[in-house]
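Undergrad: For the record, the sequence lines run as chains G and A.
Numbering-wise (the working numbering), the first sequence opens with residue 7 and increments by one.
Numbering-wise (the working numbering), the second sequence opens with residue 300 and increments by one.
Idealized CB from N, CA, C, for every residue including glycine.
In this text the structure is predicted, and so the values were computed from the model without any measurement.
Right, I'll just put the structure down here and ask away after.
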Amino acid sequence: VRRTKVRTAGQALLAAGTLAATAVSAHSASDAYLTLDVERRASSAGSVVIHGQWDVALRDLDFVLKLDDDGDGNITWAELRKHQAAIADYAYTYLHVSSGANACVVRATRQAVDNHADGAYAALFFDIVCDGPTNSITLDYRMFFAIDPSHRGIFVLRSGDNIATSLLSPDNAKIELKL
Amino acid sequence: MPWPGIPRLALMLILGGVGTVSAAPSADVTPMAPYRAPFAPASDREVLQQVPAASDPKVREMAALRRKLDAAPSDLRAAADLARAYIDFGRQIGDAHYAGYAEAVIAPWMAKPQPSSVALVLQATILQFRHQFSDARDLLKRALKDEPHNAQAWLTLATLDMVQGDYPQAAEDCQAAARTGGFALGLACSGNRLSYVGKAEQSVALLTQIEGDAPSLSDPFKAWVQGLLAESAERLGDWTAAETHYRKALRYTPDDNFLVVAYADFLLDRGRPKEVLGLIPNDAQSDTAFLRLVLAQAALKSPDLARYSWIMAARFEALTQRGSDYYGREQVRFALHVQHDADLALDLAKRNWQVQRGPWDARVFLEAASAAHQPQAAIPVLAFLEQTKLQDPVIEPLARQLLLQLKSEPARAR
Numbered sequence: 007v008r009r010t011k012v013r014t015a016g017q018a019l020l021a022a023g024t025l026a027a028t029a030v031s032a033h034s035a036s037d038a039y040l041t042l043d044v045e046r047r048a049s050s051a052g053s054v055v056i057h058g059q060w061d062v063a064l065r066d067l068d069f070v071l072k073l074d075d076d077g078d079g080n081i082t083w084a085e086l087r088k089h090q091a092a093i094a095d096y097a098y099t100y101l102h103v104s105s106g107a108n109a110c111v112v113r114a115t116r117q118a119v120d121n122h123a124d125g126a127y128a129a130l131f132f133d134i135v136c137d138g139p140t141n142s143i144t145l146d147y148r149m150f151f152a153i154d155p156s157h158r159g160i161f162v163l164r165s166g167d168n169i170a171t172s173l174l175s176p177d178n179a180k181i182e183l184k185l
Numbered sequence: 300m301p302w303p304g305i306p307r308l309a310l311m312l313i314l315g316g317v318g319t320v321s322a323a324p325s326a327d328v329t330p331m332a333p334y335r336a337p338f339a340p341a342s343d344r345e346v347l348q349q350v351p352a353a354s355d356p357k358v359r360e361m362a363a364l365r366r367k368l369d370a371a372p373s374d375l376r377a378a379a380d381l382a383r384a385y386i387d388f389g390r391q392i393g394d395a396h397y398a399g400y401a402e403a404v405i406a407p408w409m410a411k412p413q414p415s416s417v418a419l420v421l422q423a424t425i426l427q428f429r430h431q432f433s434d435a436r437d438l439l440k441r442a443l444k445d446e447p448h449n450a451q452a453w454l455t456l457a458t459l460d461m462v463q464g465d466y467p468q469a470a471e472d473c474q475a476a477a478r479t480g481g482f483a484l485g486l487a488c489s490g491n492r493l494s495y496v497g498k499a500e501q502s503v504a505l506l507t508q509i510e511g512d513a514p515s516l517s518d519p520f521k522a523w524v525q526g527l528l529a530e531s532a533e534r535l536g537d538w539t540a541a542e543t544h545y546r547k548a549l550r551y552t553p554d555d556n557f558l559v560v561a562y563a564d565f566l567l568d569r570g571r572p573k574e575v576l577g578l579i580p581n582d583a584q585s586d587t588a589f590l591r592l593v594l595a596q597a598a599l600k601s602p603d604l605a606r607y608s609w610i611m612a613a614r615f616e617a618l619t620q621r622g623s624d625y626y627g628r629e630q631v632r633f634a635l636h637v638q639h640d641a642d643l644a645l646d647l648a649k650r651n652w653q654v655q656r657g658p659w660d661a662r663v664f665l666e667a668a669s670a671a672h673q674p675q676a677a678i679p680v681l682a683f684l685e686q687t688k689l690q691d692p693v694i695e696p697l698a699r700q701l702l703l704q705l706k707s708e709p710a711r712a713r
């Protein structure tokens, strides 16, 4: 084999550019899990309370809110607890519910930790309460879309014996739900 | 909990359809399952999640690039630098989140009526990362129309064509990459291509030329070349050389997910699963790396296998739920070697073959067809191999064996 002196015309590219060499992707992207459960109230006709659990990956929350205070690469329970209020402030900014002309309130109740196959999540528990009789709601979900359009909200609604699912994405951020 | 059963609904759905593995939460195996109901940890010091450490130079660099962009939000160059840093970091640690972050960074430029080639190539790289190959190809062609001398676009196009088994087209792309990006780039591109068309010796010869003049090249580029050399050595069955190159590559870019995974496959093939456990950490967040851990546990007949495979199945199911479908190759191997479901493996292999046609894709297809006793299913792959003349000490005997079966029972159908 003839040895050829390698010229370095593409140096800048090779140093700074993204090499296309590896077309193998490897890893979960960002998911959140949003589950709503409809509770019909016997006392007042048509009135409902919706209980929600929203699991948001600590990895994602760390990217926007910097949960790892000491920067050691580990999010501890103490660090997470310290940021729970900030997490709620951030998350509930991106979740809106309405019911026709009626306003609905999303009321945070508590937080816990939930483990999924790809890591730990903050489990945000909340109630949705709407004024007046409620047969359907509109859910508007924008979590992380502005910083990561590949984020997906995996959504499950349970109302009586019915289960509805949806994949929330930038193209499917607003959904109508019959309760 | 005010509504029993509901909080775990998402998880139950995730576990639905994963076959025998979905039985894992039953009483006798519960201690092994990594899941429990949402909880409050007992100790403040309990580590819940690992994230990139702020002290990591790459994390610091990304933060600096982010500040630069924030100071000049309409500066495409600042955006491109940050997007590139995200893509590189995501690739290195095997985390798709960063492709999403990069996409958000260049989104304003992609939203313009005539996106610049810089934005188009970055977006194409992101799509390629997600195995959206034809969309990526379209963007690259648009970029090259505007800027025919964009070497990165040519190289990415070459990679796409190689991944999809279009080697004649890849040859043209590599020539263009050499013309526009320089000799080393052209050599690496061609060296890569030759290993897929039965010319692994020439591949090694070309790649070795780059190696000889390495000091002036960047570490990621040198790591890439070493990885290609390792792959070509494997084509030739030169295991010693392959291992040397893998180790060299990992010295240039330690912990690089792509290389770690390729080296793990090498170790698994050589019957050295124990070393895979040392190579890949137990809590690997990269799914491709985690699969190798599971395969190693399976090869070792580890008592922990059930736990590992449960997590792997749940991860695949989570991907399916979010509509991602780009783990074909990995899913075939999981179905075949862990779940021992040859028919499922073959179905997955057929779907994967529609998307990508690298040597590993051919190999898992043949393995699945063989295990499922359906040699006729492998005909398209066998024809592809005959046409491309891929040489490979694992794939060639597999292909011969399937051809023999086809000849001896040509009419067998299932």
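Taking arginine 376 of chain A as the reference, give the member of A:Ile386, A:Asp387, A:Leu364 with the closest Cα.
TA: That would be A:Leu364, whose Cα lies nearest to the Cα of arginine 376 of chain A.
Undergrad: Give the DSSP bridge partners of lysine 184 of chain G, in chain order.
TA: G:Ser142, per the DSSP bridge assignment.
Undergrad: Give the DSSP-derived three-state secondary structure of glutamine 17 of chain G in the structure shown.
TA: Note that glutamine 17 of chain G has pLDDT 41, beneath the 50 cutoff, so the model's placement of it is unreliable and the number below is only indicative. Helix at glutamine 17 of chain G.
Undergrad: Report the partner residues of glutamate 45 of chain G according to the DSSP bridge assignment.
TA: BP columns for glutamate 45 of chain G point to G:Val55.
Undergrad: Show which residues of chain A have a CB atom less than 8 Å away from the CB atom of leucine 86 of chain G.
TA: In chain order: Leu347.
Undergrad: Where does tyrosine 39 of chain G fall in DSSP's three states?
TA: Reduced to three states, the DSSP call for tyrosine 39 of chain G is strand.
Undergrad: Could you work out which residues of chain A lie near glycine 138 of chain G, taking near to mean beta carbons separated by less than 9 Å?
TA: Per Cβ cutoff of 9 Å: no residues; glycine 138 of chain G is ~22 Å from chain A at best.
Undergrad: Just how far apart, CA to CA, sit proline 176 of chain G and tyrosine 147 of chain G?
TA: Each residue's Cα considered, the two are about 9 Å apart.
Undergrad: I'd like to know if the segment 355 to 369 of chain A and the segment 378 to 388 of chain A are in contact, where contact means that at least 3 CB-CB pairs between them fall below 8 Å.
TA: The segment 355 to 369 of chain A is in contact with the segment 378 to 388 of chain A.
Undergrad: Which of the three DSSP states is assigned to valine 62 of chain G in this structure?
TA: If DSSP states are grouped into helix, strand and coil, valine 62 of chain G belongs with the strands.
Undergrad: Kindly list the residues whose CB is nearer than 7 Å to the CB of leucine 183 of chain G, restricted to its own chain and excluding five residues on each side of it in sequence; keep chain order.
TA: These residues qualify, in order along the chain: Ser142, Ile143, Leu145, Leu163, Ala170.
Undergrad: For leucine 174 of chain G, go through chain A and note every residue whose CB falls closer than 8 Å to its CB, in chain order.
TA: Under the 8 Å cutoff, chain A gives no residues; its nearest Cβ is about 10 Å from leucine 174 of chain G.
Undergrad: Considering only C-alpha positions, which residue in the set A:Ala435, A:Pro356, A:Thr552, A:Glu542 is nearest to arginine 571 of chain A?
TA: Here the closest residue by C-alpha is A:Glu542.
Undergrad: In the DSSP output, what is isoleucine 134 of chain G paired with across the bridge?
TA: According to DSSP, which records beta bridges pairwise, isoleucine 134 of chain G is partnered with G:Ile56, G:Val112.
Undergrad: Could you tell me which residues DSSP puts in a beta bridge with threonine 171 of chain G?
TA: DSSP lists G:Val162 as partners of threonine 171 of chain G.
Undergrad: Do alanine 561 of chain A and alanine 588 of chain A have their CB atoms nearer than 8 Å?
TA: Not closer than 8 Å, so no.
Undergrad: Using the beta-carbon of each residue, which ones in chain G are nearer than 7 Å to proline 337 of chain A?
TA: Going along chain G in sequence order, the residues near proline 337 of chain A (Cβ under 7 Å) are Ala118, Val119, Asp120, Ala129.
Undergrad: Excluding the 5 residues preceding and the 5 following lysine 357 of chain A in the sequence, name in chain order all residues of the same chain whose CB lies nearer than 6 Å to its CB.
TA: For lysine 357 of chain A, where only same-chain residues beyond five positions count, the Cβ hits under 6 Å are Phe388.
Undergrad: Fully enclosed by the segment 503 to 553 of chain A, which beta strand (DSSP E) runs are 3 residues long or longer?
TA: Listed in chain order, there is nothing to give.
Undergrad: Taking the alpha helix (DSSP H) that glutamine 391 of chain A falls in, what are its first and last residues?
TA: Here the alpha helix (DSSP H) through glutamine 391 of chain A covers 375 to 392.
Undergrad: In chain order, what residues of the same chain lie with their CB nearer than 7 Å to the CB of phenylalanine 664 of chain A, ignoring the 5 residues before and after it?
TA: Cβ neighbours of phenylalanine 664 of chain A beyond the five flanking positions: Ala648, Trp652, Ala677, Val680.
Undergrad: Counting contacts by CB-CB distance shorter than 8 Å, is histidine 157 of chain G in contact with chain A?
TA: It does; some Cβ of chain A falls within 8 Å.
Undergrad: For asparagine 80 of chain G, which residues in chain A fall below 7 Å Cβ to Cβ?
TA: Within 7 Å Cβ-Cβ: Val346, Gln349.
Undergrad: Run the CB neighbour count on glycine 481 of chain A, radius 10 Å, all protein chains shown included, and call it buried at 16 or more, exposed below.
TA: That one is buried.
Undergrad: Along chain G, which residues have their Cβ under 7 Å away from the Cβ of glycine 248 of chain A?
TA: One cannot answer for residue 248 of chain A here, as it falls past the ends of chain A, which runs 300 to 713.
Undergrad: With which residues is valine 103 of chain G paired in a DSSP beta bridge?
TA: Beta-bridge pairing links valine 103 of chain G to G:Leu145.
Undergrad: Closest Cβ-Cβ distance between aspartate 343 of chain A and chain G: below 8 Å?
TA: At least one chain G Cβ lies under 8 Å of aspartate 343 of chain A.
Undergrad: At a Cβ threshold of 8 Å, is tryptophan 83 of chain G touching chain A?
TA: By this cut-off, tryptophan 83 of chain G is an interface position.
Undergrad: Kindly indicate which three-state DSSP category serine 601 of chain A falls into: helix, strand or coil?
TA: Coil at serine 601 of chain A, not helix or strand.
Undergrad: Over what stretch of residues does the beta strand (DSSP E) that includes isoleucine 579 of chain A continue unbroken?
TA: Neither: isoleucine 579 of chain A is in no beta strand (DSSP E) and is coded neither H nor E.
Undergrad: Here's a check: name, in chain order, each residue in its chain whose Cβ is nearer than 7 Å to the Cβ of valine 30 of chain G, leaving out the five neighbours to either side.
TA: Residue confidence for valine 30 of chain G is low, a pLDDT of 43 falling below 50, so the modelled location carries little weight; the figure read from the coordinates is stated next. Here the set comprises nothing.
Undergrad: Applying the 10 Å Cβ sphere with the 16-neighbour rule, what's the burial state of phenylalanine 132 of chain G?
TA: Classification for phenylalanine 132 of chain G: buried.
Undergrad: In chain A, which residues lie with their C-beta within 7 Å of the C-beta of serine 34 of chain G?
TA: Within chain A, the residues near serine 34 of chain G are Ala395, Asp586, Arg614, Ala617, Leu618.
Undergrad: By DSSP's criteria, threonine 82 of chain G is part of a beta bridge. Which residues make up the other side?
TA: Threonine 82 of chain G pairs with A:Val346.
Undergrad: For the segment 116 to 135 of chain G against the segment 591 to 599 of chain A, do three or more pairs of beta-carbon atoms, one drawn from each stretch, fall closer than 8 Å, so that the two count as touching?
TA: As far as the Cβ criterion goes, the segment 116 to 135 of chain G does not touch the segment 591 to 599 of chain A, which means the pair count is below three.
Undergrad: According to DSSP, which residues form a beta bridge with aspartate 120 of chain G?
TA: DSSP, once it has assigned bridges, lists G:Tyr127 as partnering aspartate 120 of chain G.
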